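The sequence shown stops at residue 606 when you use full-length UniProt numbering, and every number in between is there.
Heads up, the beta-carbon is just placed ideally off N, CA and C, and yes, glycines get one too.
On a predicted model such as this, the values are computed, not experimentally measured, just so you know.
Report on the structure given below.
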Amino acid sequence: MEDKKNNKSSMSSPLPENGVSDEEKQTSGSDSPSKTHRRKPGGWRAMPYVLGNETFERLASIGLLANFMQFLLEVFHLDQVSASNVLNIWSGVTNFIPLLGAFICDAYIGRFWTIAFASVFEMMGMLALTMIPWLPKLHPPPCKMGQHECKKPNNSQMGFLVMGLGCLSIGSAGIRPCSIPFGVDQFDSTTDEGRKGIASFFNWYYTSFTLVLIIAVTVVVYIQDSVSWVLGFGIPTILIFLSIILFFIGTKVYVYVKPQGSIFSSFIQVFVASYKKRKLMLPDERESNGVFYDPLLPQGSIVKKLPLTHKYRWLNKAAIVMEDEVNTDGTCSNKWRLCSIQQIEELKCILKIIPIWSAGIICFTAIGQQGTFTISQALKMDRHLGPNFQIPPGSLSVISMITVGIWLPVYDRFIMPSVTKITRIEGGITLLQRIGIGMVFSILSMVVAGITEKIRRNSAITHNSPDGIAPVTVMWLAPQLVLMGFAEAFNILGQIEFYNKEFPENMSSVANSLFSCTVAGASYLSSLLVNLLHNTTGGHGHPDWLTNDINEGRVDNYYYLIAGLGMLNLFYFLYVARRYQYKTRIVVDDGIKGYTDVHELHDMKY
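Here is the structure:
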């Protein structure tokens with residue numbers, strides 16, 4: 001049951017349909033996306049356009065970049081460390097910048113126009129990258145047979161590459177934080193049918209996402225590897241163009257929710273107000289009635305009322321009402337001196353999640369190796385599948401995706417219901433337990449990757465073939481990729497669901513961009529480790545661990561290092577997770593009569 005609020009004014013008003021008041025809904029026949037319409041929510045009528053746009057966009061961006069490490073090595077002639085740095089730095093920028101996109105979306109232009117503008121930049125970036133292998137002046141000349149030192153790209157060629165990647169980053173800034181919330185907007189979350197629709201939308205979103213990944217890393221990567229880089233990049237470019245057309249076709253069906261202001265401005269106000277009132281004493285809990293500023297939520301707000309908590313109590317001082325700080329109509333006279341309980345608790349949601357968020361960085365550092373050094377391993381292994389077909393290195397990640405695709409339905413249909421009966425927790429286990437299990441799998445994957453690399457390297461050195469390829473089948477990489485698939489199924493999906501459930505409703509864009517920040521942090525950490533090892537290991541006639549010739553390096557030690565960091569990170573995660581208090585948690589209680597009672601429990605721990 002919900003905890004009692006501190007005073008009568010804390011009772012929230014009923015939520016109207018789709019979280020928008022009747023006054024805010026449009027009553028004329030205009031279909032402008034800048035207004036919220038008074039009509040039945042788009043629901044499943046809008047899904048072909050929303051999911052279609054998302055599917056084409058994902059297929060385009062992933063298809064373009066799934067094999068990008070090999071492109072940088074073979075077409076741009078970058079060495080292994082430089083190519084890894086380009087990918088990691090670009091990935092870091094691309095995954096941090098969605099926070100800016102979330103700010104612009106929530107504060108100014110709304111989700112529809114954010115996605116629309118971002119899609120145009122995405123197409124510009126893809127067009128630029130397609131031109132690189134197409135036009136000879138935009139890439140270095142091909143290596144001649146037997147040539148050891150290939151010509152490196154010049155400054156203008158690198159500049160054009162950076163420009164294309166920059167446009168893709170801007171596109172990701174708008175699409176990533178807004179695509180899921182825009183889909184959720186199409187359902188009325190105040191009805192059972194709407195809530196079921198939202199749950200189904202998430203399932204379809206993840207299902208389509210997995211299918212897109214499989215197609216991207218098999219069909220598109222095969223075309224890039226075996227047919228033509230121009231065609232392999234051109235197909236994703238055409239797909240993003242189709243996604244933009246499909247997105248705009250659905251404009252008459254969508255529900256448009258107005259931007260409700262930036263949550264970041266509210267956070268700054270809470271810090272400033274609490275600092276100005278830092279010398280005030282907090283009242284005793286029994287005497288707090290009427291002391292704190294706790295107005296009703298605005299009419300038509302999509303946000304649920306949050307009760308005052310005692311975590312980070314010093315922030316509560318920002319809500320203490322002083323003389324002349326509240327107007328006669330109940331509004332505060334100065335937002336930089338007085339903040340509501342709702343504002344304070346929304347900030348606390350961010351602060352208490354930061355330790356959990358930071359623990360995900362090292363885990364994703366392990367997961368991210370699939371796109372860098374796993375590719376380098378595959379290039380020096382026997383990739384033949386039959387006499388005439390070779391598996392493209394970039395397609396190997398499909399193994400982890402298939403693992404996710406098989407495991408999730410099995411877990412959802414068979415394992416989760418059985419575990420739920422034992423634990424009485426919706427989902428069988430808590431989200432933090434799910435994230436922790438994913439971390440264990442990521443550590444195991446790095447250990448197995450190190451052992452596999454040692455076997456591959458020893459075989460390559462023993463046979464000493466001219467091309468450096470070890471007579472070991474590339475399928476030896478399958479065990480580490482299967483373990484990585486389990487890590488993704490538990491950790492990544494657990495993080496996404498955790499952020500969406502623990503953040504207030506008006507912070508859904510921020511919640512979705514927070515996982516991107518995890519990926520960004522992992523990219524920068526990976527780049528830091530790569531450069532540190534490249535500059536500090538080796539010496540005395542021995543090459544460094546990550547030298548350009550993988551057979552002379554020690555990539556296995558690099559994997560073991562990540563596994564060791566993962567173990568330390570797991571202990572840190574267990575420490576912070578046991579002290580975390582959920583905003584709400586659903587507990588299932590089977591009654592004697594055979595039906596199920598569901599209760600929301602506040603402030604429950606790990």
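Item to check | Residues near S119 in its chain [Cβ-Cβ closer than 6 Å; skip 5 each side] | outcome: Position 119 of the sequence shown, counting from 1, holds the residue named residue 119. Only I244 meet the Cβ criterion.
Checklist entry - On the premise that F247 lies in contact with A116, defined as a C-beta separation below 8 Å, what is that separation, rounded to the nearest angstrom? => result Residue mapping note: residue 116 aligns to position 116 of the sequence shown, counting from 1. Residue mapping note: residue 247 aligns to position 247 of the sequence shown, counting from 1. Right, the Cβ-Cβ distance comes to about 7 Å (below 8 Å), so this counts as a contact.
Checklist entry - Whose CA, out of N551, A520, P543, R578, lies closest to the CA of N455? => result Against the sequence shown, residue 455 aligns to sequence position 455. Contrary to the premise, residue 455 reads as Ile rather than Asn in this sequence. Residue N551 is the option with its Cα nearest to I455.
Checklist entry - Does any residue of chain D bring its CB to less than 7 Å from the CB of I268? => result Here there is only one protein chain, and chain D is not present.
Item to check | Proximity to I320 [Cα-Cα], best of P136, Q342, D329, K304 | outcome: The sequence position of residue 320 within the sequence shown is 320, counting from 1. Of the candidates P136, Q342, D329, K304, the one whose C-alpha sits nearest the C-alpha of I320 is Q342.
Item to check | Where the alpha helix (DSSP H) through P177 begins and ends | outcome: Taking the sequence shown and counting its residues from 1, one reaches residue 177 at position 177. First-last of the alpha helix (DSSP H) with P177: 155-185.
Next on the checklist: Among the candidates P259, Y205, L338, P417, whose CA atom is the shortest distance from the CA of D106?
Outcome noted: On the sequence shown, position 106 is the one that residue 106 refers to. Closest option to D106, judged by alpha-carbon separation, among P259, Y205, L338, P417: P259.
Item to check | Identity of the residue in L165, I451, D185 nearest F480 by Cα | outcome: Reading the sequence shown from its first residue, position 480 is the one you call residue 480. Residue 480 is actually Gln in this sequence, not Phe. The residue with the shortest Cα to Cα distance from Q480 is I451.
Checklist entry - Beta-carbon separation of V75 and D185 under 7 Å? => result By one-based count along the sequence shown, residue 75 stands at place 75. By one-based count along the sequence shown, residue 185 stands at place 185. No, Cβ-Cβ distance for V75 and D185 is not below 7 Å.
Next on the checklist: One question on the structure: do I435 and N491 come within less than 7 Å of each other, judged by their Cβ atoms?
Outcome noted: Along the sequence shown, read from residue 1 onward, the residue named residue 435 stands at position 435. Along the sequence shown, read from residue 1 onward, the residue named residue 491 stands at position 491. Using a Cβ distance threshold of 7 Å, I435 and N491 count as a contacting pair.
Next on the checklist: What does the alpha-carbon distance come out to for the pair S10 and I180?
Outcome noted: Locating residue 10 in the sequence shown gives position 10, where the first residue counts as 1. Locating residue 180 in the sequence shown gives position 180, where the first residue counts as 1. The predicted model places S10 with a pLDDT of 37, which falls under 50 and marks its position as unreliable; any figure quoted below should be read in that light. For S10 and I180, the distance between alpha carbons rounds to 30 Å.
Checklist entry - Taking buried to mean at least 16 other C-beta atoms within 10 Å of its own C-beta, is P471 buried or exposed? => result Position 471 of the sequence shown, counted from the first residue, corresponds to residue 471. Exposed, since its Cβ has fewer than 16 Cβ neighbours within 10 Å.
Next on the checklist: Can you tell me whether V93 is helix, strand or coil according to DSSP?
Outcome noted: Mapped onto the sequence shown, residue 93 falls at position 93. Helix at V93.
Next on the checklist: For a test of the three-state rule: what should DSSP assign to K35, helix, strand or coil?
Outcome noted: By one-based count along the sequence shown, residue 35 stands at place 35. For K35, the predicted structure reports a pLDDT of 43, less than 50, and the residue's modelled location is therefore unreliable. A value from the coordinates is still provided. Reduced to three states, the DSSP call for K35 is coil.
Item to check | Identified DSSP bridge partners for T473 | outcome: Taking the first residue of the sequence shown as position 1, residue 473 is located at position 473. D382.
Checklist entry - Under the three-state reduction of DSSP, which class applies to H139: helix, strand or coil? => result Taking the first residue of the sequence shown as position 1, residue 139 is located at position 139. The answer is coil: DSSP assigns H139 none of H, G, I, E or B.
Checklist entry - Looking at the structure shown, is F389 part of a helix, part of a strand, or coil, going by DSSP? => result Position 389 of the sequence shown, counted from the start, is the residue given in the question as residue 389. Three-state DSSP puts F389 in coil, outside helix and strand.
Checklist entry - Under the rule that 16 or more other beta-carbon atoms within 10 Å means buried, what is T518, buried or exposed? => result Residue mapping note: residue 518 aligns to position 518 of the sequence shown, counting from 1. Per the 10 Å Cβ criterion, buried.
Next on the checklist: Give me the DSSP bridge partner(s) of Q433.
Outcome noted: Here residue 433 corresponds to residue number 433 of the sequence shown, with the count starting at 1. DSSP, once it has assigned bridges, lists no residue as partnering Q433.
Next on the checklist: Any contact between the segment 213-225 and the segment 389-399? By contact I mean 3 or more CB pairs, one from each, below 8 Å.
Outcome noted: yes
Checklist entry - What's the gap between the Cα of A46 and the Cα of G250? => result As a first step, residue 46 is located in the sequence shown; it is residue number 46 there, counting from the start. As a first step, residue 250 is located in the sequence shown; it is residue number 250 there, counting from the start. Approximately 7 Å, taken between the alpha carbons.
Checklist entry - Between K252, A66, N316, which lies nearest to I214 when the distance is taken from Cα to Cα? => result Mapped onto the sequence shown, residue 214 falls at position 214. The shortest Cα separation from I214 among K252, A66, N316 belongs to A66.
Checklist entry - If you draw a straight line from the C-alpha of L87 to the C-alpha of M69, how long is it? => result Translated into the one-based positions of the sequence shown, residue 87 becomes position 87. Translated into the one-based positions of the sequence shown, residue 69 becomes position 69. In a straight line, the C-alpha of L87 is about 7 Å away from that of M69.
Checklist entry - Would the beta-carbon of S516 fall within 7 Å of that of P98? => result By one-based count along the sequence shown, residue 516 stands at place 516. By one-based count along the sequence shown, residue 98 stands at place 98. Closer than 7 Å, so yes.
Next on the checklist: Taking 6 Å as the limit between beta carbons, can you name the residues of its chain near F71, skipping five residues before and five after?
Outcome noted: Taking the sequence shown and counting its residues from 1, the one referred to as residue 71 is at position 71. Excluding sequence neighbours, F71 sits near nothing in its chain.
Checklist entry - With C-beta atoms as the reference, is F441 less than 7 Å away from L483? => result Indexing the sequence shown from 1 puts residue 441 at position 441. Indexing the sequence shown from 1 puts residue 483 at position 483. Yes, the Cβ-Cβ distance between F441 and L483 is below 7 Å.
Checklist entry - Looking at the structure shown, is H463 part of a helix, part of a strand, or coil, going by DSSP? => result What you label residue 463 is simply residue 463 of the sequence shown in a count that begins at 1. H463 falls in the helix class under three-state DSSP.
Checklist entry - Taking Cβ positions, are P177 and S526 nearer each other than 7 Å? => result By 1-based counting over the sequence shown, the position of residue 177 is 177. By 1-based counting over the sequence shown, the position of residue 526 is 526. No, the pair does not count as a contact, with Cβ atoms beyond the cut-off.
Next on the checklist: Does G521 pass the burial test, meaning 16 or more other C-beta atoms within 10 Å, or should it be called exposed?
Outcome noted: Sequence index remark: in the sequence shown, residue 521 carries index 521 (1-based). G521 comes out buried.
Checklist entry - If you follow the alpha helix (DSSP H) that N334 is part of, which residue opens it and which one closes it? => result Position 334 of the sequence shown, counted from the first residue, corresponds to residue 334. For N334, there is no enclosing alpha helix (DSSP H), as DSSP marks it with neither H nor E.
Checklist entry - What does V326 pair with, by DSSP beta-bridge criteria? => result As a working mapping, residue 326 is identified with position 326 in the sequence shown. Partner(s): C332.
Checklist entry - For the alpha helix (DSSP H) that N53 lies in, which residues bound it at each end? => result Mapped onto the sequence shown, residue 53 falls at position 53. Its alpha helix (DSSP H) spans residues 43-65.
Checklist entry - Can you tell which of G468, I170, L165, E149 has its C-alpha closest to the C-alpha of G101? => result On the sequence shown, residue 101 is found 101 positions in, with the first residue counted as 1. The shortest C-alpha separation from G101 is found at I170.
Checklist entry - Less than 6 Å between the CB of A83 and some heavy atom of the ligand MG, yes or no? => result This structure lacks the ligand MG, and indeed carries no ligand of any kind.
Next on the checklist: I need the DSSP call for K421, collapsed to helix, strand or coil.
Outcome noted: Walking along the sequence shown from the start, residue 421 turns up at place 421. K421 falls in the helix class under three-state DSSP.
Checklist entry - So the alpha helix (DSSP H) P236 belongs to, where does it begin and stop? => result Along the sequence shown, read from residue 1 onward, the residue named residue 236 stands at position 236. Here the alpha helix (DSSP H) through P236 covers 229-249.
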